[in-house]
Amino acid sequence: MLSRLTRPQALAVCALPVVALVATAVFAPLPFSLAQPGMTANVLGDNKGTPVITVSGAKTRETSGQLRMTTIVATNPDTHVSLGDVISAWFAKDRAVMPRDSVYPSGQSTKEIEQHNSAQMKQSQDAATRAALDYLHLNDKKVKVTLKLADVGGPSAGLLFTLGIIDKLDGNGSGGDLTGGRKIAGTGTIDDDGTVGAVGGVALKTQAARRDGATVFLVPKAECSDAKSELPKGLRLIPVTTLKGAVTSLAALESGKGSVPSC
8 MLSRLTRPQA
18 LAVCALPVVA
28 LVATAVFAPL
38 PFSLAQPGMT
48 ANVLGDNKGT
58 PVITVSGAKT
68 RETSGQLRMT
78 TIVATNPDTH
88 VSLGDVISAW
98 FAKDRAVMPR
108 DSVYPSGQST
118 KEIEQHNSAQ
128 MKQSQDAATR
138 AALDYLHLND
148 KKVKVTLKLA
158 DVGGPSAGLL
168 FTLGIIDKLD
178 GNGSGGDLTG
188 GRKIAGTGTI
198 DDDGTVGAVG
208 GVALKTQAAR
218 RDGATVFLVP
228 KAECSDAKSE
238 LPKGLRLIPV
248 TTLKGAVTSL
258 AALESGKGSV
268 PSC
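8 is the number of the first residue of the sequence shown in the working numbering; add one for each residue after it.
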């Protein structure tokens, strides 16, 4: 004989599948990575005891100020990211939720991803060297530039590498520093012809830059809105699209003459 369920019992039975679905949604892995501000490094100085930029075949100059490349730190590609993690990061200013495929190439192992990022960094360094020497009208067969930056991958330091090489060799072109003695940070890829390209995680990189003392941030112009979304107080944005534009803006900032673009 079947017994009739009381109302509380019926509600409890009906609620069980709902609770199970919610629990599954909360704890199931999701295709996201969580990112936060990473380290910054002054390309005009040393990194882990080794000069970031070494030049032979041409006279270099002493520099003041800093040019700080910026990074983000993301969870590993095999990290379990749950709905709870996503919700927590969504409301935090110093964290971001990013599609995993936008951070890591899909279908690759952690080792393959590390190799991919290292290859991108090497290509970025080579492009930075060519762009800088071409800007200065120097023969790349006579001038050798070595770039070393430990534990960093990807192409987003290209612009800062290029500016660092120029500052080491020529400064602002009039005997002064390209930085004007400031702590300047930034991000952006670089092509051989000096075109500056967009990168990811700009809003987090501005936080890393300000944390480490930068007062000026060079940002690819296409990412101005992202950079402004969580802009730390005391950090000035300068949008750039080309190497020449970046150098011109820094020269105008130092001299106080000419216009300095803003986002």
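Built from N, CA and C at the ideal position, the CB exists for glycine as well.
Is DSSP giving Leu156 helix, strand or coil here?
Three-state DSSP puts Leu156 in coil, outside helix and strand.
Does the distance from the CB of Asn68 to the CB of Asn49 come in under 8 Å?
At residue 68 the sequence reads Arg, which differs from the Asn that was named. The Cβ atoms of Arg68 and Asn49 lie no closer than 8 Å to each other.
Thinking C-alpha only, which one of Ser232, Gly45, Arg218, Gln127 is nearest Cys270?
Among Ser232, Gly45, Arg218, Gln127, the Cα nearest to that of Cys270 belongs to Ser232.
With DSSP as the reference, identify every bridge partner of Arg243, one or two as the case may be.
Within the DSSP bridge table, the entry for Arg243 names Val223 as partners.
Since Thr194 and Thr77 are thought to touch, with beta carbons under 8 Å apart, how far apart are those beta carbons, to the nearest angstrom?
Contact flag correct, Cβ pair sits at about 5 Å.
Run the CB neighbour count on Lys100, radius 10 Å, all protein chains shown included, and call it buried at 16 or more, exposed below.
Exposed, by the Cβ-count rule.
Of the choices Asn83, Gly178, Gly204, Pro58, whose alpha-carbon is the least far from that of Ile120?
Restricting attention to Asn83, Gly178, Gly204, Pro58, the CA atom closest to the CA of Ile120 is found in Asn83.
Do Val209 and Ile245 have their CB atoms nearer than 8 Å?
Not a contact, by the Cβ cut-off of 8 Å.
Roughly how many whole angstroms lie between the Cα atoms of Thr196 and Tyr142?
Those two C-alpha atoms are separated by around 16 Å.
Would you check if the distance between the CB atom of Val62 and the CB atom of Lys148 is smaller than 8 Å?
Cβ atoms of Val62 and Lys148: not closer than 8 Å.
Three-state secondary structure assigned by DSSP to Lys100:
Coil at Lys100, not helix or strand.
If you drop the 5 nearest sequence neighbours on each side, which residues of the same chain put their C-beta closer than 7 Å to that of Lys4?
Examination of residue 4 is not possible in this model, given that the chain is present from 8 through 270 alone.
Return helix, strand or coil for Gly252, following the three-state DSSP convention.
In the three-state DSSP reduction, Gly252 falls in the helix class (H, G or I).
Top-ranked residue by Cα proximity to Lys190, from Gly201, Gly241, Ser181, Gly91:
Comparing Cα positions, the closest option is Gly241.
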